[in-house]
Amino acid sequence: MSLKIGQALEDGIQRSTTRVALPFVVLAFVFQALASASASTYVARLLQGRDLPQGMSVADLTSGPVLPIGLGGVALLYVLLAVGFVFVYIALFRAFVDDVDALTADLFTRRALGAFAHYVLFGVIFFFIALVNVVPVLGQIVFIFLVTALWFAPLRIAAEDDGAITALKQSWSLTSGNRLRLFGLGFVYALVAGIANAVAGGIFGLVPYVGFLGTALVSGYFTVLSIATTVAAYEQLTGDDAPAVDENGDDDAGGVTPQPTAVDS
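Structure below.
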């Protein structure tokens, strides 16, 4: 089946505004806000006690609030956010794939440690894949191709209980014939998300810290939208697993569907 980009985006938007999706938007917003505050705190601690350009302060060089923690606290917070966000991603994939009506603990706890371990392994593999970017142009083309081919691996780990290697194989097979369309889907999503974040930053940035919160909220929503759109695309490509039957009763596999006879009637 060929991927329909417009339909995937439309379905993703609808899913991202459901009752189940909204708590995840809030969670993603909190994580984005804390991550941004951690980055500001890291910069502030590095600049602490250093000579700054005349007329400038630490606040001028940071994009968000500075937390009352040191560099060690920032490092610990980053680790906790990274681990926590993995579990949020896993639960979000499961919620959309299973089409649940309400947020439940099972989305986070079902095979939690196993799924997390395979996510870590996938992350290690993806890190080495990303190294091809060191080769100018050709390496970047190869990287984009591999990202597209392995698009559904995180979903398979979270929602289908695949191991990391199996998820990579399944994604490679599933994306075959649709990788250019998936690239187009990713490009459109990235373009819309980039414009939305720029607009949010411009509007909310007029008031101190409101821009920080507004950008975090928009980023949180688009995080949920990216998962919702991925699930919509996945269901498009897996929706025709059963062989179609033509008017003569022949299926795509070359078999014949039994037809009613006079005795059957």
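Take the sequence shown: its letter number 46 is residue 248 in my numbering, and every next letter is one higher. Built from N, CA and C at the ideal position, the CB exists for glycine as well.
Exercise. What's the C-alpha gap between L376 and G325?
Worked result: What you label residue 376 is simply residue 174 of the sequence shown in a count that begins at 1. What you label residue 325 is simply residue 123 of the sequence shown in a count that begins at 1. One C-alpha to the other measures close to 20 angstroms.
Problem set entry | Beta-carbon proximity check, A355 vs L340, cutoff 8 angstroms | Stepping through the sequence shown from its first residue, residue 355 is reached at position 153. Stepping through the sequence shown from its first residue, residue 340 is reached at position 138. No.
For this session: Mind listing, in chain order, the continuous alpha helix (DSSP H) runs of no fewer than 4 residues lying wholly within the region 361 to 420?
Result: List check, alpha helix (DSSP H) in window: 366 to 377 and 381 to 406.
Exercise. Is A297 helix, strand or coil by DSSP?
Worked result: Counting from one through the sequence shown, the residue named residue 297 turns up at place 95. Helix, per DSSP.
Exercise. Run through DSSP, which three-state label would F328 get?
Worked result: Residue mapping note: residue 328 aligns to position 126 of the sequence shown, counting from 1. Of the three classes helix, strand and coil, the one that applies to F328 here is helix, per DSSP.
Exercise. If you follow the alpha helix (DSSP H) that P225 is part of, which residue opens it and which one closes it?
Worked result: By one-based count along the sequence shown, residue 225 stands at place 23. A223 to L249 is the extent of the alpha helix (DSSP H) around P225.
Exercise. Excluding five sequence neighbours on each side, which residues of the same chain lie with their C-beta closer than 8 angstroms to the C-beta of R358?
Worked result: By 1-based counting over the sequence shown, the position of residue 358 is 156. Same-chain partners within the cutoff: D364, T368, A369, Q372 and S373.
Exercise. In angstroms, rounded to a whole number, what distance separates the CA positions of Q342 and V281?
Worked result: Position 140 of the sequence shown, counting from 1, holds the residue named residue 342. Position 79 of the sequence shown, counting from 1, holds the residue named residue 281. Taking the straight line joining both Cα atoms gives about 28 angstroms.
For this session: State buried or exposed for Q234, treating a residue as buried only when at least 16 other CB atoms are found within 10 Å of its CB.
Result: Locating residue 234 in the sequence shown gives position 32, where the first residue counts as 1. Counting the other Cβ atoms within 10 Å of the Cβ of Q234 gives 16 or more, which makes it buried.
For this session: Counting only the same chain and skipping the five closest in sequence on each side, list residues whose C-beta sits under 6 angstroms from that of F287.
Result: As a first step, residue 287 must be located in the sequence shown, where it is residue number 85. Apart from sequence neighbours up to five positions away, the residues of its chain that approach F287 with a beta-carbon distance below 6 angstroms are F233, ordered along the chain.
Exercise. Taking the alpha-carbon positions, what's the V322 to I331 distance?
Worked result: In the sequence shown, counting from the first residue as 1, residue 322 sits at position 120. In the sequence shown, counting from the first residue as 1, residue 331 sits at position 129. One C-alpha to the other measures close to 14 angstroms.
For this session: Report the rounded CA-to-CA distance for L248 versus L387, giving the unit in angstroms.
Result: As a working note, residue 248 is residue 46 in the sequence shown. As a working note, residue 387 is residue 185 in the sequence shown. Approximately 39 angstroms between the Cα atoms of the pair.
For this session: Consult DSSP for D452 and reduce its assignment to one of helix, strand or coil.
Result: Here the question's residue 452 lines up with position 250 in the sequence shown. The predicted position of D452 is uncertain, since its pLDDT is 45 and thus under 50; a value taken from the coordinates is nonetheless stated next. Three-state DSSP puts D452 in a strand.
Problem set entry | 6 angstroms CB neighbourhood of F231 in its chain, flanking five on each side removed | On the sequence shown, position 29 is the one that residue 231 refers to. Excluding residues up to 5 positions away in sequence, A418, L419 and G422 lie with their Cβ nearer than 6 angstroms to the Cβ of F231 in the same chain.
For this session: Locate the alpha helix (DSSP H) running through A307, then write down its first and last residues.
Result: The residue labelled residue 307 in the question sits at position 105 within the sequence shown. Here A307 belongs to no alpha helix (DSSP H), and DSSP marks it neither H nor E.
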